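Visitor: Supplied in structure tokens, the structure appears directly below.
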Amino acid sequence: MAIFGPSANLLTKAVLLAGTGLFLILLLMVWVVPVMGYNSQERYAPQQPVPFSHKHHVSGLGLDCRYCHDKVEVSSNAGMPPTETCMTCHSQVWTRADVLAPVRQSLAQGVNLRWTSVYVLPDYVFFDHSIHIAKGVGCTDCHGPIGDMALTWKATTLYMSWCLDCHRNPAPHLRPRDQVFNPHWVPGPNTPSGAELMKAYDIHPERLTDCGTCHR
Amino acid sequence: MTNPARDYWRSLEELADSPDFAAVVEREVPRFRDVLDKFDRRQFLTLMAASMALAGLSGCGPEPNPQQRLPYVEAPPGVVPGRQRYYATAHTRDGYAEGVLLAHEMARPIKVEGNPDHPASLGAAGAITQASILSLYNPRRAQTVVGPGQISSWEGFVAALYRRREQLLKKRGEGLRLLTGTITSPSLGAQIAALQTAFPAMRWHQWEPLHRDNELAADQMAYGRPVARVFDLAAADVIFAVDSDLISAAPGWLAYARQFAARRRPDETGGKMSRVYAIESTPTLIGAKADHRLPMRPVEVAASVRFLAGAVGAGPSQWTEIQSPHRDWLKEAAADLTANKGHALVHAGREQSIEIHLLVELINAALGAHGNTVRLIEPPVVSPTLHLQSLSELVGDMQAGKVDTLLILDTNPAYSAPADIPFAAALKRVPFSVSLSLFADESALLATWQVPAKHEYEAWGDARAFDGTATIQQPQVRPLYGGHAPSEVLAVLQGNTQPDDLTLVRQFWQRQQGAGSAAEGNPQSLAGDAGGGQTGPQSSGSSQPALAAAEAFEAFWHEALRRGVVANTAAPPLTLTPKAGLAEGLRPLPLGGEAAIDLLFRPDEGLWDGRHAENPWLLELARTFTRLTWDNAALIAPATAKKHGVKTGDVVAIATRYGATKAPVFVLPGQAPDTATLWLGWGRQAGALAEGVGFDAYRLRGAAEPWLARATRFEKTGETYRLATTQGHDRVAGRDLIREFTLDRFNNDPEYVKQKSKDVSLYPGYIYPDRAWAMAIDLNSCIGCQACTIACQAENNVPTVGKDMVHFGRIMHWLRIDRYYSGSPDDPDVAFEPMPCMHCENAPCEVVCPVHATVHDHEGLNLMVYNRCVGTRFCSNNCPYKVRRFNFYDFAAATERPPESWNPDVSVRGRGVMEKCTYCIQRIKVKEIEAERDGRKLRDGEVVTACQQSCPTQAIVFGDRNDSHSHVARRKATPLDYVLLDDLNTRPRTSYAAIVHNPNPAIGKEQS
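Taken in sequence, the protein lines are chains A and B. Positions 1 to 216 (the numbering used here) are the ones given, in order, by the first sequence. Positions 217 to 1224 (the numbering used here) are the ones given, in order, by the second sequence.
Written out as structure tokens, the structure is:
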């Protein structure tokens, strides 16, 4: 009596096939899943207490970024606007809008608004807004088309490789200082080249990749 | 070791590792093995499968981001998230203010720095002051008002005290007693004076266990009045220290240490140095820095001071006719002092007898020190009192039933009273007692009312420095755990049921300004200014002058708060001469007791009188000479140890006339023979962390012998006790680590140190074209105070590890002070050497790291990348300086410390990660970014490391080596500069200035 019947062939093939499939799936999980935008929360807009629209405020009304994020030029932290900043206008306009109820409530009761961070860095990364602004990195370089976002979503992966892309080769990301806050900036014919700006801003890429630049 | 990751907040049992405690731990945290026993295989697999499935579920979809941001509703002016701001206030030690600046991040204090404008700080801050930030956040602080037998509230307490007040008013205050520590606060002084007027029969007692009674009694004898002294060490060419705490604990020590060190750097002062003599029974910092030091028993110290007095003409000349092996030594020292009249200074520590203090005063007068190196001033203390007498009177009255209301403010006599003054027992006889304290301490537990106190950084108040300069203390944060200020409790007694410390302090200063007498800064006149809780005189009219006065006061108030100093409040100088014939009137010295052991009571370097016993940083701070952590011990000389047949760790039974205790022995080189030094402040009976840690030396201390007691028993018990010292950790012995030589040699052959260098390599060095960060540490200036160690710990989120881990050599301090002895163990020379990371250019740690977790940057910093580290510990193995620290357990997470108290600019390291000194890279980067933002070069001195900032003697200098004008480059250019282990060709960035001694050529080395 044969040990392996005819069905054994099929079984072997099936096992081999399933094994290969499983291996490929594992490979996918290990290599691809971590870099999927799905995992990095790229293009993800978390729910906020107020559906704040940068599109309306920046592109529509033409507010400067620094009207709300007023510490961006002097501190590591760009600063989230206090409730009173919202209320400078919203005590006059849209005073009865339902969506703004949390803002009015915050001011009336002295309770902080609780925004959910869109950009979150690990605790061992120390990012500084002010130096990027000073060196001519525009807001949209990291925050994407922020001026056109109806809801704020994460425009990048925030992976270290993404940081390093620019820290290794900053030139393509630089703009004249007066265009840093322009959400729709495109280089014009008279725009100084990246190399020129590097020189003007005294940027030394070799030092930008020192670990201590970001990790302390 | 059953229980890893000793958390410094846990109890004594854990530290002692007792079997009882182990049993408790077993029950509360079952080990995995115990868990497994309870399951069968099938159950286990089911659970595992279920948890796997659930883990899969949680991976679905982008996780809701847990990080929330809460912007202000109304932004407070000036607060910039991500940037530090500094606010001035003062920290007090024994009542004396040391000005501090607290660094705030998003309006919460995270770090204490010295206030450069404050005369008692000059920008430096000692270890205790640095550690005060941890006490502020300590979650084990008292938080609840406890009334008689029940939990109450502040309102309940106020009501009870107010009712009490009504009764007391009828009796004119009969039975009302106040017990405080030393008070320099002008406003509290005024408040107490006002109370005294309202309650004429009230009495105010003072108890500070580390009192200065002997000094005060000597001053009473010499001048008939209390005085205070301000020393000028910059003018002192010869200093003679008698068991002196001049540069370690005396009020103003930070300033004195700065002046002292400035005279000890021959490379900066043109080859000139001061000369220091020290005679002492137990090692002190100034003794360690002395050019000539003699350890001697207290009775010999007394005889030596008499000799000195006789020799310089301050006492009868027959005093010089003593039989002593040190006679020649003393004679030469006296001659040196006499030769430097007007530039000489003698100082005795607080623990010395009345006679010694008196003689020292007379010697200083004879040496023309008054007006030159010593200035007499009006005492900054409100109503200087003999504390022992004050306390014993109080306790006598308590026992006699004469006290029915006792307010204990910020002092803990139930623990710290002398053993023969039964305060704790007497307290039970007081029907209404209140203890206002930071922790539920021994006195609080016995009092009928426990009221949590505000930490100094939470309260409005004021305090004077050693020279009388007043500081208005402003709260740095709202009271974290409730709590109230002493002024508020006193205000209730004054009839104010809604007291508020701001109003009380502000109104006091308003009156001062209004009266225009603040400029005089006379504590007596301030204390005499009665009235509390009422409105100032300005409020009556609304006329123009009143308005101008109000504006002027506003300006004064803001300026005083901003600077941390009230201008022109230094105490006025006194011109006094000691009475004549005092020395002649002294009784002959009693003959020394042979064989007996003298017990010396000394404050603990960290816990002080016990008030910092809940502070883990200070518990784990390795003591300067013993390197002992988490314990105190009886410190005895090697010869004494031999005589009694004991060694370090043996437990001895010690008894005096007042009490008995058991204590482990620690054999300390340089201790005087037949003496045992006992640190006060340990062996607490109440407290979360400190309870029972160490032994309580107060139990041996009697009122008649507060500093020096004769042991009636000192016997080996046969028990042993495990002491955790860092002394044996990281031994680098036998190598050329300390270089020291004499001033003569320095002046004749300045290149001596350089010649010993072996800096040779065939390979060219690395080139750092831009900046090259470097540190220079001056060993001549380093006095071993360890302010830098705690400053580093606070700045860099360095965790504490607990006694067991220290025992295993796992202490985490990034910056340690190595203490080296040389010479005979009976009287060795001591050298201190701060050891941060050397930031070697050829770093041995880097080449062995398999994951590149430690690498160099372009400015020469040896970086530690925590997120890359996998914990092989190869780097630590390969580090010749042993400055790398490994997180064997999750030390940081195991600490019971509010998250907001950590420095947000530094990563908190997790388990399995190596860490080490970074040259405060976070401070470098902040300044670098600031400079680049402004488009300028970094200025020298802009980047200040935490250790450098705290150092009272400016021993540590940090900066850019490539800038030849920088301070660090200048220090490195001196002929004294050398690097450690240069034969290894590590090319360290941290270098040291060799020690130079200035011995008296007339005194042979064999004698000193």
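A virtual CB, placed ideally from N, CA and C, is assigned to each residue, including glycine. Remember, predicted model here, so these are calculated numbers, not experimental data.
List, in order along the chain, the chain A residues whose C-beta lies closer than 8 angstroms to that of Asp1121/B?
Guide: Within 8 angstroms Cβ-Cβ: Phe126, Arg216.
Visitor: Give the DSSP-derived three-state secondary structure of Ala746/B in the structure shown.
Guide: Residue placement at Ala746/B is poorly supported in this model, since its pLDDT is 38, which falls under 50; the coordinates still yield a value, given next. It is coil, neither helix nor strand.
Visitor: Any beta carbon from chain A within less than 7 angstroms of Ile637/B's own beta carbon?
Guide: Closer than 7 angstroms: no.
Visitor: Around the Cβ of Leu252/B, are there at least 16 other Cβ atoms within 10 angstroms (buried) or fewer (exposed)?
Guide: At Leu252/B the pLDDT is 47, less than 50, meaning the model places this residue with poor confidence and gives no usable figure here.
Visitor: Taking 6 angstroms as the limit between beta carbons, can you name the residues of its chain near Leu501/B, skipping five residues before and five after?
Guide: Excluding positions up to five away in sequence, the list reads Ile463, Ser464, Ile999, Gly1000.
Visitor: Does chain B have any CB closer than 7 angstroms to the CB of Met80/A?
Guide: At least one chain B Cβ lies under 7 angstroms of Met80/A.
Visitor: Have a look at Leu432/B and Cys1061/B and give me their C-alpha separation to the nearest angstrom.
Guide: The alpha-carbon atoms of Leu432/B and Cys1061/B are separated by roughly 56 angstroms.
Visitor: Would Gly212/A pass as an interface residue toward chain B - the criterion being a Cβ-Cβ separation below 7 angstroms?
Guide: Cβ-Cβ to chain B under 7 angstroms: yes for Gly212/A.
Visitor: In the DSSP output, which residue or residues are listed as bridge partners for Met1130/B?
Guide: In the DSSP output, where bridge partners are listed per residue, Met1130/B has Phe1102/B.
Visitor: What residues of chain B sit near Lys71/A, judged by a beta carbon separation below 9 angstroms?
Guide: Simply Val296, Pro297, Gly298, Arg299.
Visitor: With distances taken from CA atoms, which of Pro532/B, Leu510/B, Ile570/B is nearest Asp544/B?
Guide: Of the candidates Pro532/B, Leu510/B, Ile570/B, the one whose C-alpha sits nearest the C-alpha of Asp544/B is Leu510/B.
Visitor: Show which residues of chain A have a CB atom less than 9 angstroms away from the CB atom of Thr1134/B.
Guide: Result: Gly212, Arg216.
Visitor: Apart from the five residues on each side of it in sequence, which residues of its chain come closer than 7 angstroms, Cβ to Cβ, to His90/A?
Guide: Counting only Cβ-Cβ distances below 7 angstroms, and skipping sequence neighbours, we find Leu100, Val103.
Visitor: Is any beta-carbon of chain B found at less than 7 angstroms from that of Val120/A?
Guide: So yes, Val120/A belongs to the interface.
Visitor: Under 7 angstroms, do Asn831/B and Trp898/B count as touching if we go by C-beta distance?
Guide: For Asn831/B and Trp898/B, no; Cβs fall outside 7 angstroms.
Visitor: I need the DSSP call for Gly194/A, collapsed to helix, strand or coil.
Guide: Helix, per DSSP.
Visitor: With three or more C-beta pairs closer than 8 angstroms as the rule, is the stretch 399 to 417 of chain B touching the stretch 534 to 552 of chain B?
Guide: No, the stretch 534 to 552 of chain B does not touch the stretch 399 to 417 of chain B.
Visitor: Which residues of the stretch 339 to 358 of chain B have a Cβ closer than 7 angstroms to any Cβ of chain A? Give them in chain order.
Guide: Within the stretch 339 to 358 of chain B, no residue qualifies.
Visitor: In whole angstroms, what is the alpha-carbon distance linking Ser1040/B and Ala857/B?
Guide: Between Ser1040/B and Ala857/B, the C-alpha separation is close to 15 angstroms.
Visitor: To the nearest angstrom, how far is the alpha carbon of Phe655/B from that of Leu896/B?
Guide: Each residue's Cα considered, the two are about 18 angstroms apart.
Visitor: Using a Cβ-Cβ cut-off of less than 9 angstroms, list which residues of the stretch 851 to 870 of chain B approach chain A; keep chain order.
Guide: Within the stretch 851 to 870 of chain B, no residue has a Cβ that lies closer than 9 angstroms to any Cβ of chain A.
Visitor: So, is Gly294/B buried or exposed, given that buried needs 16 or more other C-beta atoms within 10 angstroms?
Guide: Result: exposed.
Visitor: Got a sec: is the Cβ-Cβ distance from Ile326/B to anything in chain A below 7 angstroms?
Guide: Closer than 7 angstroms: no.
Visitor: Considering only residues of the same chain and omitting the five flanking positions on each side of Asp717/B, which have a CB-CB separation below 6 angstroms?
Guide: Closer than 6 angstroms at Cβ, skipping near neighbours: Ala675, Trp676, Ala701, Ser703, Glu704.
Visitor: Kindly indicate which residue of Ala155/A, His215/A, Asp98/A, Thr213/A has the alpha-carbon position closest to the one of Pro46/A.
Guide: Closest option to Pro46/A, Cα to Cα, is Ala155/A.
Visitor: Does any residue of chain A bring its CB to less than 7 angstroms from the CB of Ala291/B?
Guide: By this cut-off, Ala291/B is an interface position.
Visitor: Would you call Glu371/B buried or exposed, if buried means 16 or more other Cβ atoms sit within 10 Å of its Cβ?
Guide: Glu371/B comes out exposed.
Visitor: Would you kindly work out how many angstroms separate the C-alpha atoms of Gln714/B and Ser997/B, rounded to a whole number?
Guide: Roughly 51 angstroms separates the two Cα atoms.
Visitor: Compare the beta carbon distance of Trp846/B and Lys1019/B with 7 angstroms and say whether it is the shorter of the two.
Guide: Cβ atoms of Trp846/B and Lys1019/B: closer than 7 angstroms.
Visitor: Compare the C-beta of Asp1073/B with all C-beta atoms of chain A and state if any pair is closer than 7 angstroms.
Guide: Asp1073/B counts as touching chain A.
Visitor: Sorted by chain position, which residues of the same chain lie with C-beta nearer than 6 angstroms to Ser274/B's C-beta, five sequence neighbours on each side aside?
Guide: Residue confidence is low: Ser274/B scores 45 on pLDDT, short of 50, so the model does not pin down where it sits. Its coordinate-derived value is still stated next. Closer than 6 angstroms at the Cβ level, and outside the excluded window around Ser274/B, lies no residue.
Visitor: Kindly provide the ranges of any alpha helix (DSSP H) runs that are 4 or more residues long and lie completely inside the stretch 783 to 848 of chain B, ordered along the chain.
Guide: Correct list: 832 to 836.
Visitor: For Pro691/B, which residues in the same chain have their Cβ closer than 7 angstroms to its Cβ, ignoring the five residues on either side in sequence?
Guide: Tyr673, Glu674, Ala675, Trp676, listed in sequence order.
Visitor: Please tell me whether Leu798/B and Gly822/B are closer than 7 angstroms, where the distance is taken between their beta carbons.
Guide: For Leu798/B and Gly822/B, no; Cβs fall outside 7 angstroms.
Visitor: Could you check how far apart the C-beta atoms of Ala438/B and Ala787/B are, in whole angstroms? I think they sit under 8 angstroms.
Guide: The pair is not a contact, with the Cβ atoms about 18 angstroms apart (cut-off 8 angstroms).
Visitor: Could you give the DSSP three-state label for Lys932/B: helix, strand or coil?
Guide: The answer is strand: DSSP assigns Lys932/B an E or B state.
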